[in-house]
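There are 2 protein chains.
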Amino acid sequence: MARPRSFDPDDVLEIARQVFWRKGFQATSLDEITAASGIAKPSLYAAFGDKNALFLKVLDRYHDGILGWAERTLAQPGPGREAIRQWLTGFIPYCSGERGQHGCLSINSATDGSLDQAEVRKSIERYNRRLEELLRARLRADRAEFRKGFDPDITAHTIMVVHAGLLALAHQRPDSKQVKAVIDQVMGLLA
Amino acid sequence: MARPRSFDPDDVLEIARQVFWRKGFQATSLDEITAASGIAKPSLYAAFGDKNALFLKVLDRYHDGILGWAERTLAQPGPGREAIRQWLTGFIPYCSGERGQHGCLSINSATDGSLDQAEVRKSIERYNRRLEELLRARLRADRAEFRKGFDPDITAHTIMVVHAGLLALAHQRPDSKQVKAVIDQVMGLLA
DNA sequence: TTCGTTATGTACTTGTAAGTACAGAATTGA
DNA sequence: TCAATTCTGTACTTACAAGTACATAACGAA
Numbered sequence: 001m002a003r004p005r006s007f008d009p010d011d012v013l014e015i016a017r018q019v020f021w022r023k024g025f026q027a028t029s030l031d032e033i034t035a036a037s038g039i040a041k042p043s044l045y046a047a048f049g050d051k052n053a054l055f056l057k058v059l060d061r062y063h064d065g066i067l068g069w070a071e072r073t074l075a076q077p078g079p080g081r082e083a084i085r086q087w088l089t090g091f092i093p094y095c096s097g098e099r100g101q102h103g104c105l106s107i108n109s110a111t112d113g114s115l116d117q118a119e120v121r122k123s124i125e126r127y128n129r130r131l132e133e134l135l136r137a138r139l140r141a142d143r144a145e146f147r148k149g150f151d152p153d154i155t156a157h158t159i160m161v162v163h164a165g166l167l168a169l170a171h172q173r174p175d176s177k178q179v180k181a182v183i184d185q186v187m188g189l190l191a
Numbered sequence: 001m002a003r004p005r006s007f008d009p010d011d012v013l014e015i016a017r018q019v020f021w022r023k024g025f026q027a028t029s030l031d032e033i034t035a036a037s038g039i040a041k042p043s044l045y046a047a048f049g050d051k052n053a054l055f056l057k058v059l060d061r062y063h064d065g066i067l068g069w070a071e072r073t074l075a076q077p078g079p080g081r082e083a084i085r086q087w088l089t090g091f092i093p094y095c096s097g098e099r100g101q102h103g104c105l106s107i108n109s110a111t112d113g114s115l116d117q118a119e120v121r122k123s124i125e126r127y128n129r130r131l132e133e134l135l136r137a138r139l140r141a142d143r144a145e146f147r148k149g150f151d152p153d154i155t156a157h158t159i160m161v162v163h164a165g166l167l168a169l170a171h172q173r174p175d176s177k178q179v180k181a182v183i184d185q186v187m188g189l190l191a
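The listed protein sequences derive, respectively, from chains V and W. Under UniProt numbering, the final residue of the first sequence carries the number 191; numbering is consecutive throughout. Under UniProt numbering, the final residue of the second sequence carries the number 191; numbering is consecutive throughout.
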């Protein structure tokens, strides 16, 4: 037929993710992505569209990755409390120390005023909604574990808030013990 | 002596804050600030230095404003629990609805990878440290209100996390009732 | 091998934003 | 009124990044 692509789009999205994550959308130039990936601009444009479209693909991929992991973790057997604790605990490496310094790509994007594009907002909203649904479903299913008057809907949202807060403060590189202590304390709400 | 300044620097910082808050540091051009303020670039440069320096002044001013309010609120007489609830409740207008859509300038800046300048980071760190100190001091002072085994240090940090999370998720314009419900639930940790 | 097709790389255009040179305006002190 | 000084506005330079034109390379099919 014709000349085949010389690169795997997924590899490029992975590299682009790293650059966007480190520097943010605005401050990342396509030249940096071409430098990091070795792919020239016309190929990037042909494969992904313009910078906005490329970023959106990166962000969607990022969301899908986290959602997949959340689905697996929150579906595990045993007490719902432990599933949720394990889900939160899984974020500790991304909320503390060196690795936490860039926080979460989704939250970084949500707080970036320059990304007011409707599609980015929609992607983030869908992601947050889906995550909260997973939490809520598990809390509802296992509500017998919890005290009387326990409200799974509000609790799911509170956990989302804590999760967002940990990742927002991750840029300060807190100690992982401190993050763990917060999680432990918040787990007290699941009494 | 010489020709006096034709504008009040504080007014300009206030206008610059609005623009930076809405669009973020990178995406804000000085031309937009000159348009919004009516002050030409050379005057801005003479008064504030370059774009980074201007932003830093804006951010410091923002931090000072919130810290001043926090000091007043958290120093009020009565139960510490109520002081803290009032402090958190005061953020509701900035965490919900239309007004919440731009979140918090400090958190937006903390999550902006392009703002890796050491001074911005330091300003944010100082702000967070000071805020947490205020909470911790009040929780320690009133620890008699709380249950046995209550840990004011961890609790202060948890409240910081919740506060950050509410302001990070503010960009989704949640309903103020939902924000209030989260605050109520978290106040349960101060039992 | 040759043709049609699609990818690639170089080098360009274009737009925009940061920062500044300079001439002239506004003020106070003499 | 003049002089010294500092501010202001216009218009510029410079840098950089987004996006693209175009010639060429690499493939499969016939």
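Backbone N, C-alpha and C fix where the C-beta goes; we use that ideal spot for every residue, glycine too.
Within chain V, the residues that residue i reaches when beta carbons sit closer than 9 Å
| i | result |
| --- | --- |
| W:Leu189 | Gln185, Val186, Gly188 and Leu189 |
| W:Ile154 | Gln178, Ala181, Val182, Asp184 and Gln185 |
Within chain W, partners of residue i - CB distance below 8 Å
| i | result |
| --- | --- |
| V:Thr111 | Gly103, Ile107, Asn108, Thr111, Asp112, Ala168 and His171 |
| V:Glu125 | Gln172 |
Chain V residues whose Cβ lies nearer than 7 Å to that of residue i
| i | result |
| --- | --- |
| residue 196 of chain W | Within the shown structure, residues of chain W are numbered from 1 to 191, placing residue 196 of chain W beyond reach of any answer. |
| W:Cys158 | Before going further, note that residue 158 of chain W is Thr rather than Cys in the sequence given. Under the 7 Å cutoff, chain V gives Val182, Gln185 and Val186. |
| W:Gln178 | His157 |
| W:Val161 | Val162, Gly165, Leu166, Leu169 and Val182 |
Expected contact under 8 Å - CB spacing of residue i and residue j to nearest Å
| i | j | result |
| --- | --- | --- |
| W:Ala164 | V:Gly188 | That belief does not hold up - the Cβ atoms of W:Ala164 and V:Gly188 are roughly 19 Å apart, past 8 Å. |
| V:Thr73 | V:Gly100 | The Cβ separation is near 19 Å, so there is no contact. |
| W:Leu134 | W:Ile159 | Not a contact, Cβ separation roughly 10 Å. |
| W:Gly80 | W:Glu145 | 6 Å |
| V:Gln26 | W:Ala27 | 6 Å |
| W:Arg130 | W:Leu59 | Not quite, the Cβ-Cβ distance comes to about 14 Å (not below 8 Å), so this is no contact. |
| W:Ser6 | W:His63 | Wrong, their Cβ atoms sit about 28 Å apart, outside the cutoff. |
| V:Ala191 | V:Arg147 | 5 Å |
| residue 197 of chain V | V:Trp87 | As displayed, chain V neither begins before 1 nor continues past 191, which places residue 197 of chain V out of reach and without an answer. |
Residue i beta carbon near the ligand HEM (any heavy atom closer than 7 Å)
| i | result |
| --- | --- |
| W:Thr111 | As far as ligands go, the structure on display features none, and thus does not contain the ligand HEM. |
For this session: Determine, using beta-carbon pairs with one atom in the stretch 163-171 of chain W and one in the stretch 82-96 of chain W, whether at least three such pairs fall under 8 Å.
Result: yes
Exercise. Between the UniProt domain "HTH tetR-type" (6-66) of chain W and chain V, which residues of the former have CB atoms less than 8 Å from a CB of the latter, in chain order?
Worked result: Those would be Trp21, Arg22, Lys23, Gly24, Gln26 and Ala27, in chain order.
Problem set entry | Stretch pair the stretch 116-131 of chain V + the stretch 53-65 of chain V: three plus CB contacts closer than 8 Å | yes
Exercise. Quick one: any contact between the stretch 8-27 of chain V and the stretch 98-118 of chain W, if contact means 3 or more CB pairs under 8 Å?
Worked result: yes
Exercise. So, do the stretch 178-186 of chain W and the stretch 149-164 of chain V have three or more beta carbon pairs nearer to each other than 8 Å?
Worked result: yes
For this session: Evaluate the contact criterion for the stretch 36-48 of chain W versus the stretch 10-19 of chain W: three or more CB pairs, one atom per stretch, below 8 Å.
Result: yes
Exercise. When the Cβ atoms of the stretch 127-142 of chain V are set against those of the stretch 133-143 of chain W, are three or more pairs found closer than 8 Å?
Worked result: no
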